[in-house]
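Position 185, counted from 1, in the sequence shown is what full-length UniProt numbering calls 185; the numbers after and before it change by one each time, with no gaps.
Beta carbons are placed, not taken as given, at the ideal position from N, Cα and C, and that holds for glycine.
Here is the structure we will look at.
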Amino acid sequence: MSLETPPTVVAHTEVPSEPQQSTEVPATEDNSSKQQATDDSPEPQSPLTERFTKVEWTAIKAFRDDLPDIFADAYPDNPNAKTSPVTLWGVKIDPTNPKDARVSVILLKFLQARNLSVSEAREMLRNTLRWRELFDLDAAMKEEFPRELFDGLGGINGHDKEGRPVVYNLYGGAKDLKAVFSDVQRFIRWRVVQMEKCVALLDFTEIDQTLQIHDYDGVSLTSRDANSKNAAAEITNIFQSHYPELLYKKFFINVPTVLNWIFWAFKPLMSANTLAKMSVVGSGHHAIKKALSPFIDEKQLPKRYGGGGDDF
1 MSLETPPTVV
11 AHTEVPSEPQ
21 QSTEVPATED
31 NSSKQQATDD
41 SPEPQSPLTE
51 RFTKVEWTAI
61 KAFRDDLPDI
71 FADAYPDNPN
81 AKTSPVTLWG
91 VKIDPTNPKD
101 ARVSVILLKF
111 LQARNLSVSE
121 AREMLRNTLR
131 WRELFDLDAA
141 MKEEFPRELF
151 DGLGGINGHD
161 KEGRPVVYNL
171 YGGAKDLKAV
181 FSDVQRFIRW
191 RVVQMEKCVA
201 LLDFTEIDQT
211 LQIHDYDGVS
221 LTSRDANSKN
231 AAAEITNIFQ
241 SHYPELLYKK
251 FFINVPTVLN
261 WIFWAFKPLM
271 SANTLAKMSV
281 VGSGHHAIKK
291 ALSPFIDEKQ
301 LPKRYGGGGD
311 DF
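In structure tokens:
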């Protein structure tokens with residue numbers, strides 16, 4: 001079905017040949033999606049959904065009708081998956097009653113990551129739900145990571161001029177990068193936990209993206225071993241596959257000329273849309289402040305980057 005043409009709606013005056021069910025009968029696995037398709041009530045709106053185009057709304061509605069089957073595919077061991085709500089990024093998605101402005105925002109992210117292809121977005125969401133279960137995010141969120149290794153690697157600090165949380169990744173902040181990456185899967189879990197903490201700050205009503213700053217000050221060729229490269233490749237794939245369209249802008253700062261290859265090495269792993277959000281900035285307070293000040297107020301920008309905000 002073309003996304004440019006709204007689906008044909010069967011007129012309610014047509015009488016089916018089979019006996020009609022009472023309207024008071026609750027939705028079941030067999031009729032829930034049909035009830036969604038005939039639900040003509042107004043769409044709940046928010047500042048974010050008010051920006052959606054007609055084509056996007058058409059795709060969202062088609063995607064939404066597929067939720068029961070997506071959940072059933074994602075959770076094959078759950079016989080009630082078609083009707084069981086799922087919480088994603090702090091938002092409850094009820095497949096039997098999915099009309100929710102925040103749900104619409106989240107579904108559109110998967111659609112945008114797949115050029116509004118409903119079938120491809122469906123596969124992406126299913127794979128994301130499966131991955132979250134296999135990764136065991138609940139356990140990861142409770143895990144205690146060695147502070148002596150991870151405390152210097154950055155974190156969430158302030159917000160940009162539009163209210164988006166700002167995430168700093170300090171690749172030269174660790175005393176021993178080899179120790180940080182000695183256990184690649186531990187690093188992956190730590191990095192995913194940081195992402196989840198950041199996503200928890202998004203309300204998906206007015207704010208639905210983050211701004212990221214990757215600082216390579218102190219990083220050299222010798223500090224990049226096979227483990228760190230493997231970890232970077234894996235985490236890039238995870239974020240591309242399971243956290244779509246959550247990035248507003250990403251800055252690479254203090255990148256030595258000799259390490260510019262890092263950016264280009266990961267270019268094949270990123271979508272064109274993601275690449276368009278990235279900027280490589282030189283070193284020094286002046287260059288960094290000039291690049292960041294259009295996005296981050298000086299009071300929010302840490303002193304180490306020429307601002308007046310608190311360091312971390």
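Close-in-space but distant-in-sequence residues of the same chain around residue i (CB under 6 Å, 5 per side omitted)
i, result
"THR128", "HIS242"
"ASN227", "PHE181, VAL184"
"PHE145", "TRP190"
"HIS214", "ASN169, PHE252"
Residue i and residue j closer than 8 Å at C-beta
i, j, result
"TYR171", "PHE312", "no"
"VAL180", "LEU149", "yes"
"THR205", "ARG64", "no"
"ASP208", "LEU67", "no"
"GLU104", "ILE70", "The identity of residue 104 in the sequence shown is Ser, whereas the question assumes Glu. No; because the gap between Cβ atoms is not below 8 Å, this pair is not in contact."
"ASP203", "PHE295", "no"
"ALA72", "LYS82", "yes"
"GLU56", "LEU125", "no"
"LYS92", "PRO44", "no"
"HIS285", "TYR305", "yes"
"GLU143", "ARG189", "yes"
"GLY163", "GLN300", "no"
"residue 315", "LYS277", "With the chain represented from 1 up to 312, any question about residue 315 goes unanswered, as that position is not in the structure."
"ALA200", "GLY90", "yes"
Classification of residue i by the beta-carbon crowding that lies within 10 angstroms, buried from 16 upward
i, result
"LYS250", "buried"
"GLY307", "buried"
"MET141", "exposed"
"ARG122", "buried"
"LEU292", "buried"
"PRO302", "buried"
"ALA233", "exposed"
"PRO19", "With a pLDDT of 38 at PRO19, under the threshold of 50, the modelled position of this residue cannot be trusted, and the question is left open."
"ASP176", "exposed"
"PRO165", "buried"
"ASN254", "buried"
"LEU275", "exposed"
"ALA62", "buried"
"GLY154", "buried"
"GLN21", "Any answer about GLN21 is weak, because its pLDDT of 39 lies below 50 and its placement is not dependable; what the coordinates show is given next. By the 10 Å Cβ count, GLN21 comes out exposed."
"GLU298", "exposed"
"ALA272", "exposed"
"ALA231", "buried"
Proximal residues to residue i (C-beta, below 8 Å), its chain only, five neighbours per side dropped
i, result
"PRO256", "TYR216, VAL219, SER220, SER283"
"LYS197", "ILE156"
"PHE52", "ILE60, SER104, LEU108"
"VAL192", "PHE135, LEU137, ALA140, ILE235, ILE238"
"SER279", "LYS249, LYS250, PHE251, PHE252, ALA291"
"SER41", "LYS99"
Beta-bridge pairing of residue i - partner residues as DSSP gives them
i, result
"GLY309", "PRO302"
"HIS214", "ASN169, PHE252"
"VAL280", "PHE252"
"LEU247", "THR210"
Beta-carbon proximity list for residue i, same chain, < 7 Å, skipping 5 on both sides
i, result
"GLU245", "LYS109, GLN112, ALA113"
"LEU88", "ILE106"
"ASN78", "SER84"
"LYS178", "ASP225"
"ASP94", "PRO85"
Length-filtered (3 minimum) beta strand (DSSP E) runs lying within the stretch 125–193: Listed in chain order, they are 154–159, 165–170.
Could you tell me which uninterrupted alpha helix (DSSP H) segments, each at least 4 residues in length, are contained entirely in the stretch 69–113, listed from first to last along the chain? Complete alpha helix (DSSP H) runs here, min 4: 101–113.
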